[in-house]
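Quick note on the UniProt record's numbering: the sequence shown kicks off at 1 and runs consecutively. What follows is a single structure, written as structure tokens, with notes after it.
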Amino acid sequence: MPGATYFFTVNLQHRNSNLLIQRIDALRFAFKKVQQKHPFYIDAIVIMPDHWHIVMTLPENDMNYPARLSLIKSTFSRQIEHKEDVSQSRKNKRERGIWQRRYWEHVIQDSCDYEHHINYIHFNPVKHGHVLKPSDWKYSSIHRFINKGILSQNWTYNDNFKPLKFGE
1 MPGATYFFTV NLQHRNSNLL IQRIDALRFA FKKVQQKHPF YIDAIVIMPD
51 HWHIVMTLPE NDMNYPARLS LIKSTFSRQI EHKEDVSQSR KNKRERGIWQ
101 RRYWEHVIQD SCDYEHHINY IHFNPVKHGH VLKPSDWKYS SIHRFINKGI
151 LSQNWTYNDN FKPLKFGE
């Protein structure tokens, strides 16, 4: 859908890695470089050690999110030294062994769905046991939401929250 808002989960090949945090500057560079050539708005994002979640809005005349995700992954990968094991299948396709080939994609349906996915993103570091409250995780757009007064420093889900899995 041109101009749509999407939720994505993108995982590293090795889910016990912390490469994304170790090389956060390379990942930030990849996002910025792709945004310059293929604009998109980052509504919310969290970078975890081995995966990331994003709510992304595309321009009104554009629906090519696969190219953006592929370019982010490849731009990041080109900055990383070749240390990973690569299967023959990946070698044949000239792929690295950094990322899982597939990703979770969901078109945001309405404002309730939008809010739910943004909350999920911001709560993800707590869900995975990295921090006790979402604002303690520095690789999250929650800080932008706090600075704009949208969320408080001590924000967390209410008691009615039922954790869901979005591509993890």
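The C-beta atom is built at its ideal place from N, Cα and C for all residues, glycine as well.
**OP:** Please list the segments of the alpha helix (DSSP H) lying wholly inside the stretch 44-126, counting only runs of 4 or more residues, in order along the chain.
**Re:** 65-78, 88-92
Original post:
Measuring CA to CA, which of I98, Q100, G97, H116 is closest to H106?
Top reply: H116
Original post:
For V34 versus I80, is the C-beta distance shorter than 8 angstroms?
Top reply: no
Original post:
What span of residues does the alpha helix (DSSP H) with N147 cover, start to end?
Top reply: Counting along the chain, the alpha helix (DSSP H) containing N147 begins and ends at 142-147.
**OP:** Can you tell me which of F8, N16, L27 puts its alpha carbon nearest to the alpha carbon of Y139?
**Re:** L27
**OP:** Could you tell me which residues DSSP puts in a beta bridge with R12?
**Re:** Looking at the sequence provided, one finds Leu at residue 12 rather than Arg. Per DSSP, W99.
Original post:
Quick one: is S111 buried, meaning 16 or more other Cβ sit within 10 Å of its Cβ, or exposed?
Top reply: By the neighbour-count rule (16 or more Cβ atoms within 10 Å), S111 is not buried but exposed.
**OP:** With DSSP as the reference, please indicate the residues paired to T5 in a beta bridge.
**Re:** T57
Subject >> Cβ-based neighbour list, E60, same chain, cut-off 8 angstroms, excluding 5 preceding and 5 following >> reply: P2, G3
Original post:
Can you tell which of R144, R23, K32, A44 has its C-alpha closest to the C-alpha of N124?
Top reply: Selection R144, R23, K32, A44 evaluated against N124 yields A44 as nearest (Cα-Cα).
Subject >> Bridge partner(s) assigned by DSSP for I42 >> reply: M56
Subject >> Where D159 falls: helix, strand or coil (DSSP) >> reply: Here the model assigns D159 a pLDDT of 44, short of 50, so the residue's position is not dependable and the matter cannot be decided.
Original post:
Taking C-beta to C-beta, are I69 and M48 nearer than 8 angstroms?
Top reply: Looking at the sequence itself, residue 69 is Leu, so the reference to Ile does not match. No. Outside cutoff.
Subject >> Assigned secondary structure, K32 (DSSP; H/G/I helix, E/B strand, else coil) >> reply: K32 falls in the helix class under three-state DSSP.
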